[in-house]
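Under numbering that gives the first Met the number 0, think of the first position of the sequence shown as 0, with each following residue one higher.
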Amino acid sequence: MQAPSIGVVRFMRGVRARGFLDFIGELWGELGDVFQVRVGPKTLLFAMHPDAVEHVSVTQRQRYEKQASYEAVRQYLTGQGLVASNGELWRRQRKLLAPFFTPKGIQAYAELMIRDGARVLERWQQLSKDGKEVEIAEEMAAVTASIILKAMFSSETMESIEQMKSAVETMVAFVSARLTSFPLPLWVPTAGNRKYVAARDLVHSAISALIAKRRAAPEAGWPDDLLSRLMRAKDEETGQPMSEILLRDESITAFFAGHETTARTMTFAWYALAANPQVTARLHEELDRVLGGQLPTVEQLRSLPYTLQVVKETLRLYPAAPFYARDAVSADTLQGFDVKPGTAVMLSPYYTHRHPKFWTDPGVFDPERWTREREATLHGHQYHPFAAGPRICIGNNFSVLESHLLLAILASKFTPRLRADYQPRWEMQGVLSLANGLPMTIAAR
Ligand code: HEM
């Protein structure tokens with residue numbers, strides 16, 4: 000049976016009038032949990048039910064790969080890095096990288112997360128005295144970029160952090176634009192193409208120079224960061240180290256996949272706290288009781304369960320990656336509907352996380368959903384902010400540790416406040432975004 004579907008004209012009109020995010024929500028209300036959009040020769044099939052997430056990501060995953068939907072990301076950003084690779088290469092690389100991202104593996108980065116969080120405290124001290132509005136999304140992007148670049152490359156100077164951050168952001172913006180427009184080939188010297196090529200060359204040459212510098216030095220003196228770990232890693236079967244190109248691709252991949260997503264999660268947490276004063280009060284109570292005004296240690300995180308519940312609820316209501324795609328490589332039936340090979344199946348954390356059959360008051364920000372008892376009663380796939388199955392985000396532990404620490408450090412001393420008339424305008428811009436930003440004043444507690 001064919002899933003209910005709409006054509007390209009209605010789709011484009013709807014997206015133009017309502018924005019992609021809201022229009023997909025309207026179609027879901029009108030057409031049900033599975034529906035198709037035909038855009039030229041391409042079919043996008045949206046599937047919102049947790050059973051569909053399980054089907055595509057776990058039980059029938061051999062029928063779905065990351066192919067055409069990931070071509071622009073592969074070609075212009077991550078090459079054969081983990082986000083967009085497939086088959087044997089993906090399997091080998093995932094196995095090689097997995098140990099660095101286990102809960103134990105990421106402990107190595109907790110100290111630098113705490114140090115960078117403490118730097119933001121100093122900066123916010125001044126901002127709270129000035130009383131001026133700041134753009135919280137930028138504050139959070141700066142700290143998450145600094146953390147991931149230090150974790151990967153031990154980049155310590157602000158200049159190198161800022162340069163790399165803005166170059167990769169240019170590359171990401173270029174890819175997002177290509178996905179939503181009809182771009183000219185790269186050899187046409189448009190301003191956009193030239194800017195992308197300059198950014199890409201800067202990123203590639205900076206990483207190659209870092210690798211060359213390390214190779215020229217005795218291994219014992221290499222800094223303890225992700226790049227050194229990747230350079231030392233050897234394939235279990237062949238005993239071979241990673242090629243320089245793959246080292247570069249995996250480094251760009253980790254930055255691309257991990258920086259903006261974590262920055263947005265923290266930004267949305269500040270919005271949710273400002274909009275829900277009773278949650279903030281509960282959070283402050285826990286932080287004051289456990290930390291007593293001091294910086295947290297990693298060990299203390301276990302005693303800050305409510306802070307973690309706030310992070311989890313932020314990832315439910317405002318998942319940084321609201322959609323992700325899988326390309327069908329063979330015919331399938333999904334929840335009773337035909338899936339033809341070549342169809343891009345769109346899974347949506349944003350809408351599965353608001354499914355009224357699975358969540359009570361889905362629109363309400365309620366960290367109480369994440370007590371251990373209540374979490375144990377959930378359908379295994381009704382919550383998938385990091386995707387699901389073998390291709391689940393490899394950085395999920397890293398980013399949850401980072402958000403847990405940053406929230407504990409910053410919320411224990413400061414309360415960012417919204418203008419009274421602020422209304423969020425949520426939209427999809429590659430990642431979930433606030434079209435009108437999040438200007439806030441920082442109040443010291
Ligand atoms: C709140 C933060 C994050 C969110 C919401 C998030 C979300 C996701 C999602 C939804 C996917 C699946 C994407 C797809 O299938 O197209 C994914 C994959 C991935 N993420 Fe994350 N991510 C976050 C943080 C991170 C961090 C910090 C890193 C690395 C340091 C990272 C590295 C990756 C990688 C390498 C993949 C590809 C995994 C594979 O295909 O085997 N992510 N992430």
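We put the CB at the ideal spot given by N, CA and C, even for glycine.
Just so you know, these numbers come straight off a predicted model, no measurement behind them.
Quick check: Pro49 and Thr332, are their CB atoms within less than 8 Å of each other? Their beta carbons are not under 8 Å apart, which means Pro49 does not touch Thr332 by this criterion.
Beta-carbon within less than 7 Å of Thr260's beta-carbon, same chain only, minus the 5 sequence neighbours each way: which residues are those? Here the set comprises Ala319, Ala320, Ser398, Val430.
Where the beta strand (DSSP E) containing Ala442 begins and where it ends: Note, Ala442: beta strand (DSSP E), 438-443.
Please work out which residues of its chain come closer than 6 Å, Cβ to Cβ, to Ala71, disregarding the five sequence neighbours upstream and downstream, and give them in chain order. These residues qualify, in order along the chain: Val174, Arg177, Leu178.
So what does DSSP say about Thr342, is it helix, strand or coil? Taken through DSSP and simplified to helix, strand or coil, Thr342 comes out as coil.
Helix, strand or coil, according to DSSP, for Pro384 in the structure here? When DSSP states are grouped into helix, strand and coil, Pro384 belongs to the strand group.
Note down the Cα distance separating Val55 from Arg62, rounded to an integer number of angstroms. When rounded, the distance between both Cα atoms is 8 Å.
Pick out whichever of Ser68, Leu96, Ala67 has its Cα sitting closest to the Cα of Glu80. It is Gly, not Glu, that sits at residue 80 in the sequence shown. Among Ser68, Leu96, Ala67, the Cα nearest to that of Gly80 belongs to Leu96.
Taking Tyr323 as part of the beta strand (DSSP E), name the residues at either end of that continuous run. For Tyr323, the uninterrupted beta strand (DSSP E) segment begins and ends at 323-327.
Would Met47 and Ser347 be called neighbours here (beta carbons separated by less than 8 Å)? In contact: Met47 and Ser347 (Cβ atoms closer than 8 Å).
Taking a contact to mean a Cβ-Cβ separation below 8 Å, would you say Ala407 touches Leu286 in this structure? Against a cut-off of 8 Å, the Cβ pair of Leu286 and Ala407 comes out as a contact.
Starting from the C-beta of Phe424, find all residues in its chain whose C-beta is less than 7 Å away, skip the five residues before and the five after it, and write them out in chain order. One point to set straight first is that residue 424 is Arg, not Phe, in the sequence displayed. Answer for Arg424: Leu433, Ala434, Asn435, listed in chain order.
Are the C-beta atoms of Asp21 and some chain C residue less than 8 Å apart? Among the chains of the structure shown, chain C does not appear; only one protein chain is present.
Let me know the secondary structure DSSP gives Ser347 once reduced to three states. Residue state for Ser347 is assigned as coil, using DSSP reduced to three classes.
Which two residues bound the contiguous beta strand (DSSP E) that contains Gln308? No beta strand (DSSP E) contains Gln308, which is instead part of the alpha helix (DSSP H) from 304-316.
The ligand HEM heavy atom lying under 7 Å from the CB of Gly394: Relative to the ligand HEM, Gly394 has its C-beta within less than 7 Å of a heavy atom.
Would Asp326 and Gly341 qualify as a contact pair, given that the criterion is a beta-carbon distance under 8 Å? In this structure, Gly341 lies closer than 8 Å to Asp326 by Cβ.
Tell me the rounded alpha-carbon separation between Ile244 and Leu44. So the alpha carbons of these two residues sit roughly 34 Å apart.
Within the same chain, show all residues whose beta-carbon is closer than 6 Å to that of Gln92, passing over the 5 residues directly before and after it, in chain order. These residues qualify, in order along the chain: Leu81.
Can you tell me the Cβ-Cβ gap for Ala273 and Val309, rounded? I've got them flagged as a contact below 8 Å. About 12 Å; that fails the 8 Å criterion.
With a 10 Å radius around its C-beta and 16 neighbouring C-beta atoms as the bar for buried, classify Ala419 as buried or exposed. Residue environment analysis places Ala419 among the exposed positions, since fewer than 16 neighbouring C-beta atoms fall within 10 angstroms of its C-beta.
Given a cut-off of 8 Å on the beta-carbon distance, is the pair Ser127 and Phe357 in contact? No, they are not a contact pair.
For the ligand HEM, I want to know if Ala253 counts as a neighbour, meaning its beta carbon is within less than 7 Å of at least one of the ligand's heavy atoms. Between the ligand HEM and the CB of Ala253, the shortest heavy atom gap is smaller than 7 Å.
Top-ranked residue by Cα proximity to Ala172, from Ala375, Ala51, Tyr195, Ser159: Nearest of Ala375, Ala51, Tyr195, Ser159 to Ala172, Cα basis: Tyr195.
Does the distance from the CB of Leu316 to the CB of Ala271 come in under 8 Å? In this structure, the beta-carbon distance from Leu316 to Ala271 falls below 8 Å.
Any heavy atom of the ligand HEM closer than 7 Å to the beta-carbon of Ala458? The question about residue 458 has no answer, for the chain in this structure spans 0 to 444.
Tell me which same chain residues have a C-beta within less than 6 Å of the C-beta of Phe385, skipping the five on either side of it? Answer for Phe385: Ile391, Cys392, Asn395, listed in chain order.
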